[in-house]
Amino acid sequence: KNSVTDGPELAEPYLRQVLGMAGLAVEYVRAEGNTLYRRGEGDEEIAVADFAGGYGSVLLGHNHPDLVACAQELLAAGTPVHAQFSRHPYANRLAAELNRIVGRELGTDEPYFAIFANSGAEAVEAALKHAELDRGLRIAALRSAAKDAAEAARDAVAQGRAQVPGRVRRRFGIDAGAPSTDALEQLTARLAAENAAHLDRPPLFLALEGGFHGKLGLSVQLTHNESYRTPFRALGAQARFVPPDRPEALKEIHARERGVLHVLEVSGDQVDVVEREFPVFCAFLVEPIQGEGGIRVLDAEFAGAIQRFCAEIDCPVVVDEIQSGMGRTGRLLASSRAGLRGDYYTLAKTLGGGLAKTSVMLVRRARYRQEFEIVHSSTFAKDSFSCTIALKVLELLEADGGAAYRRAEERGAALRTALEAVRDDFPDLVGDVRGQGLMLGLEFRDQGGSASESVRALAAGGLFGYFLAGHLLHAHRVRTFPTASAVNTLRFEPSVHVSDEEIGRLEAGLRDVCRLLREGAGDRLAGA
Ligand code: PMP
Numbered sequence: 004k005n006s007v008t009d010g011p012e013l014a015e016p017y018l019r020q021v022l023g024m025a026g027l028a029v030e031y032v033r034a035e036g037n038t039l040y041r042r043g044e045g046d047e048e049i050a051v052a053d054f055a056g057g058y059g060s061v062l063l064g065h066n067h068p069d070l071v072a073c074a075q076e077l078l079a080a081g082t083p084v085h086a087q088f089s090r091h092p093y094a095n096r097l098a099a100e101l102n103r104i105v106g107r108e109l110g111t112d113e114p115y116f117a118i119f120a121n122s123g124a125e126a127v128e129a130a131l132k133h134a135e136l137d138r139g140l141r142i143a144a145l146r147s148a149a150k151d152a153a154e155a156a157r158d159a160v161a162q163g164r165a166q167v168p169g170r171v172r173r174r175f176g177i178d179a180g181a182p183s184t185d186a187l188e189q190l191t192a193r194l195a196a197e198n199a200a201h202l203d204r205p206p207l208f209l210a211l212e213g214g215f216h217g218k219l220g221l222s223v224q225l226t227h228n229e230s231y232r233t234p235f236r237a238l239g240a241q242a243r244f245v246p247p248d249r250p251e252a253l254k255e256i257h258a259r260e261r262g263v264l265h266v267l268e269v270s271g272d273q274v275d276v277v278e279r280e281f282p283v284f285c286a287f288l289v290e291p292i293q294g295e296g297g298i299r300v301l302d303a304e305f306a307g308a309i310q311r312f313c314a315e316i317d318c319p320v321v322v323d324e325i326q327s328g329m330g331r332t333g334r335l336l337a338s339s340r341a342g343l344r345g346d347y348y349t350l351a352k353t354l355g356g357g358l359a360k361t362s363v364m365l366v367r368r369a370r371y372r373q374e375f376e377i378v379h380s381s382t383f384a385k386d387s388f389s390c391t392i393a394l395k396v397l398e399l400l401e402a403d404g405g406a407a408y409r410r411a412e413e414r415g416a417a418l419r420t421a422l423e424a425v426r427d428d429f430p431d432l433v434g435d436v437r438g439q440g441l442m443l444g445l446e447f448r449d450q451g452g453s454a455s456e457s458v459r460a461l462a463a464g465g466l467f468g469y470f471l472a473g474h475l476l477h478a479h480r481v482r483t484f485p486t487a488s489a490v491n492t493l494r495f496e497p498s499v500h501v502s503d504e505e506i507g508r509l510e511a512g513l514r515d516v517c518r519l520l521r522e523g524a525g526d527r528l529a530g531a
């Protein structure tokens, strides 16, 4: 029921209709802690336990009083929110505090420079753009080193200090009898033609199957889900997707796609040709826990394989912590637990405390290109309002020796126990419980082969998890959603305020769903 609009509905009416089919097009009118209040039929407020948690943006709860007070103070004080191209001490403080925590978790002193943005996808885009700027500068350096080397070889040959040996002539099909000056000219022309084909190659990105990195022009190319990605294939650079269960695929992709430059080198009295790896691979994107891909924790062994592979081919690793980061797993960076070290990190969601829209991309000093600051910006990024709120978020996470991180772990463990109890009692319906801290998923087995026609119909429509979510909302006052690319997996990302009572209510709701599926009462699940 659309309770507010009388006029035409123009803000994504189709989406509302789809949500409506699963009973999910309700209106929330107030929010506090782990509770969302929805408007009931008689205009009354109905309290709903929020396990969707803004898909990860409200780890500290909706409208945290300290964050609301911070926002109110900023506005009451007439803080200039938009003052681009000026000093911005609040952004520097935020970058410093992020560095302090990241340094502690990674055990490193190397600073990370911070580029602020407005949304998760935008931080990913900034990281990819920075990596491409860096790749371009590295290619320019390779090009100029090759040119210097060619000139040095020409001088050496012209002065009779070096010659082009038979071995090199045979390898590149150069006239065996020609004088070295002519042979070098032919060789230089050959190498220039071969190298040209590589020097203009566009970047290739690497990402994991099941990965999700946003829906903007570039970031969507690295989001594996085909329905999001393929309509926009032509818009941006291309990616190759690596299956997380096959680390050997890394070497196969490298062998297929790599580029090699041939560069002249004078060694002793001979001109030689050496190979230099051409940087085709611009960046490797990885989520420490795939969120939209079904709450899948990156295997530590595979993380190590990625790290070694990228170090070998000098490809930067972008660790996308947009959903997993900001304390949800008991750390600021979920990846720090698996020992994964990123050249870049992206953070968003809870960074804005559920009030501000903000994100950040961090780049380690060894990779940083200050030129980026001149060519990348947004009207809204790095504003005082969101930076100050983000600083307050970090203060809340770090308070009392990191009590919030510990709380995320403890509440996560309690929630996990409840989900596992459901799985243990309904192993025929629940395939798996996965995740870390307050980022958990429960996967239902495919019901396509159910004996019940109504359950088979639910499974066939592509909205399976949405119907379950609709039932949980209406019958149990619990809000959860399936993950975007794996609709049989329900996600649970509540705030640290989630109570035992709410966890109990979720557990009872899931048991009810399982019983209905077992009884073949698909129509009752669909009839929310
Ligand atoms: N990366 C990851 C890992 C995400 O989970 C998301 C959002 N679900 C994004 C990027 C995109 O963030 P946003 O929706 O803020 O653009």
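Residue numbers (UniProt numbering): 4 to 531. Where a beta carbon is used, it is the ideal one built from N, C-alpha and C, also for glycine. Bear in mind that the values here come from a model prediction, so they are computed numbers and not experimental data.
| What's the C-alpha gap between P247 and E295? | In the sequence shown, residue 247 corresponds to position 244, counting from 1. In the sequence shown, residue 295 corresponds to position 292, counting from 1. If you take the alpha carbons of P247 and E295, they lie about 15 Å apart.
| said: Run through the DSSP bridge pairs and tell me what E446 is partnered with. | reply: Along the sequence shown, read from residue 1 onward, the residue named residue 446 stands at position 443. E446 is bridged to D435, T492.
| query | So, do the segment 285-302 and the segment 32-46 have three or more beta carbon pairs nearer to each other than 8 Å? | reply | no
| request: Rounded to whole angstroms, what's the CA-CA distance from P234 to N228? Just pull it up for me. | output: Mapped onto the sequence shown, residue 234 falls at position 231. Mapped onto the sequence shown, residue 228 falls at position 225. Their Cα atoms are separated by approximately 11 Å.
| query | Secondary structure at C285, three-state DSSP: helix, strand or coil? | reply | As a first step, residue 285 must be located in the sequence shown, where it is residue number 282. Three-state result, C285: strand.
| request: Over the uninterrupted alpha helix (DSSP H) stretch that includes L358, give me the two end residues. | output: If you number the sequence shown from 1, residue 358 lands on position 355. Where L358 is concerned, there is no enclosing alpha helix (DSSP H), given that its DSSP letter is neither H nor E.
| query | Roughly how many whole angstroms lie between the Cα atoms of A153 and V266? | reply | As a first step, residue 153 must be located in the sequence shown, where it is residue number 150. As a first step, residue 266 must be located in the sequence shown, where it is residue number 263. Answer to the nearest angstrom: the Cα atoms are 8 Å apart.
| request: Use the C-beta contact count for I298: other C-beta atoms within 10 angstroms, 16 or more gives buried, fewer gives exposed. | output: Along the sequence shown, read from residue 1 onward, the residue named residue 298 stands at position 295. Result: buried.
| query | For I292, which residues of its own chain have a beta-carbon under 8 Å away from its beta-carbon, when the five flanking residues on both sides are left out? | reply | Here residue 292 refers to the residue found at position 289 when the sequence shown is read from its first residue. Taken in chain order, the residues that qualify are I298, R299, V300, L301, Q326, S327, T332, A337, G438, Q439, M442.
| message | According to DSSP, is A531 part of a helix, a strand, or is it coil? | response | Position 528 of the sequence shown holds residue 531. The pLDDT assigned to A531 is 47, lower than 50, so where the model puts this residue is not dependable; a value taken from the coordinates is nonetheless given after this. The answer is coil: DSSP assigns A531 none of H, G, I, E or B.
| DSSP state of P234 mapped onto helix, strand, coil | For the purposes of this step, residue 234 is taken as the residue at position 231 of the sequence shown. In the structure shown, P234 sits in a helix (DSSP, three-state: H, G or I).
| query | I256 bridges to which residues according to DSSP? | reply | Counting from one through the sequence shown, the residue named residue 256 turns up at place 253. Beta-bridge pairing links I256 to no other residue.
| field | Candidates N66, K254, A478, A181: closest to I392 by CA position | value | Taking the sequence shown and counting its residues from 1, one reaches residue 392 at position 389. The residue with the shortest Cα to Cα distance from I392 is N66.
| query | Is the segment 423-431 in contact with the segment 463-477, if contact means three or more CB pairs nearer than 8 Å? | reply | no
| message | In this structure, how does DSSP classify A98 when only helix, strand and coil are distinguished? | response | Reading the sequence shown from its first residue, position 95 is the one you call residue 98. Note: A98 maps to helix in three-state DSSP.
| field | Below 6 Å from a heavy atom of ligand 1 - residues by beta-carbon | value | Y58, S122, G123, A124, V127, F215, H216, G217, E290, G294, E295, D323, I325, Q326, A351
| query | Going by Cα to Cα distance, which pick from L466, V322, F88 is closest to H379? | reply | Reading the sequence shown from its first residue, position 376 is the one you call residue 379. Among L466, V322, F88, the Cα nearest to that of H379 belongs to F88.
| According to DSSP, what are the bridge partners of R42? | On the sequence shown, residue 42 is found 39 positions in, with the first residue counted as 1. Looking at the DSSP assignment, R42 forms a beta bridge with E48.
| task | Could you please give me the residues that DSSP links to G262 through a beta bridge? | result | If you number the sequence shown from 1, residue 262 lands on position 259. In DSSP, G262 forms a bridge with F281.
| field | First and last residue of the uninterrupted alpha helix (DSSP H) at T82 | value | Position 79 of the sequence shown, counting from 1, holds the residue named residue 82. That residue, T82, is in no alpha helix (DSSP H); it is neither H nor E in DSSP.
| Range covered by the alpha helix (DSSP H) that runs through Q20 | As a position in the sequence shown, residue 20 is number 17, starting the count at 1. Run containing Q20: 16-24, per the alpha helix (DSSP H) assignment.
| Residue from Y17, L27, L13, L18 with nearest C-alpha to A478 | Position 475 of the sequence shown, counted from the first residue, corresponds to residue 478. Answer by Cα proximity: L27.
| So T486 is in the beta strand (DSSP E); what residue range does that whole segment cover? | Within the sequence shown, numbered from 1, the residue matching residue 486 stands at position 483. Segment 484-486, the beta strand (DSSP E) holding T486.
| request: Using the Cα positions of A94 and L221, report the straight-line distance between them to the nearest angstrom. | output: What you label residue 94 is simply residue 91 of the sequence shown in a count that begins at 1. What you label residue 221 is simply residue 218 of the sequence shown in a count that begins at 1. One C-alpha to the other measures close to 26 Å.
| Under three-state DSSP, which class holds L394? | As a first step, residue 394 must be located in the sequence shown, where it is residue number 391. Reduced to three states, the DSSP call for L394 is helix.
| task | Determine the contact status of I309 and P250, defining contact as a CB-CB distance below 9 Å. | result | Along the sequence shown, read from residue 1 onward, the residue named residue 309 stands at position 306. Along the sequence shown, read from residue 1 onward, the residue named residue 250 stands at position 247. Contact flag set, yes.
| Does the distance from the C-beta atom of F54 to that of T483 stay below 9 Å? | To locate residue 54, count along the sequence shown from 1; it is residue 51. To locate residue 483, count along the sequence shown from 1; it is residue 480. Cβ distance < 9 Å, so F54 and T483 count as in contact.
| field | For P485 and E412, the rounded distance between their alpha carbons | value | As a first step, residue 412 must be located in the sequence shown, where it is residue number 409. As a first step, residue 485 must be located in the sequence shown, where it is residue number 482. When rounded, the distance between both Cα atoms is 22 Å.
| Beta-carbon proximity of L288 to A210, cut-off 9 Å | Locating residue 288 in the sequence shown gives position 285, counting from the first residue. Locating residue 210 in the sequence shown gives position 207, counting from the first residue. Cβ distance < 9 Å, so L288 and A210 count as in contact.
| field | Of the residues L397, E376, E522, the one placed nearest D69, counting alpha carbons only | value | Against the sequence shown, residue 69 aligns to sequence position 66. When only C-alpha atoms are compared, the closest one is L397.
| task | Look up D158 in the DSSP assignment and say whether it is helix, strand or coil. | result | The residue you call residue 158 lines up with position 155 of the sequence shown. Helix.
| query | If you draw a straight line from the C-alpha of L513 to the C-alpha of A351, how long is it? | reply | Here residue 513 refers to the residue found at position 510 of the sequence shown. Here residue 351 refers to the residue found at position 348 of the sequence shown. Roughly 30 Å separates the two Cα atoms.
| said: For R367 and Y115, which I take to be in contact (beta-carbon distance under 8 Å), what is that distance rounded to the nearest angstrom? | reply: Reading the sequence shown from its first residue, position 364 is the one you call residue 367. Reading the sequence shown from its first residue, position 112 is the one you call residue 115. Between Y115 and R367 the Cβ distance is about 5 Å, and since that is below 8 Å, they are a contact.
| Collapsed DSSP secondary structure at S270 in the structure displayed | Here residue 270 corresponds to residue number 267 of the sequence shown, with the count starting at 1. Correct three-state label for S270: strand.
| task | Would you tell me roughly how many angstroms separate the C-alpha atoms of S381 and M329, rounded to the nearest one? | result | Taking the sequence shown and counting its residues from 1, one reaches residue 381 at position 378. Taking the sequence shown and counting its residues from 1, one reaches residue 329 at position 326. If I take the Cα positions, the gap works out to 23 Å.
| query | Between the segment 142-151 and the segment 235-244, do at least 3 Cβ pairs fall closer than 8 Å? | reply | no
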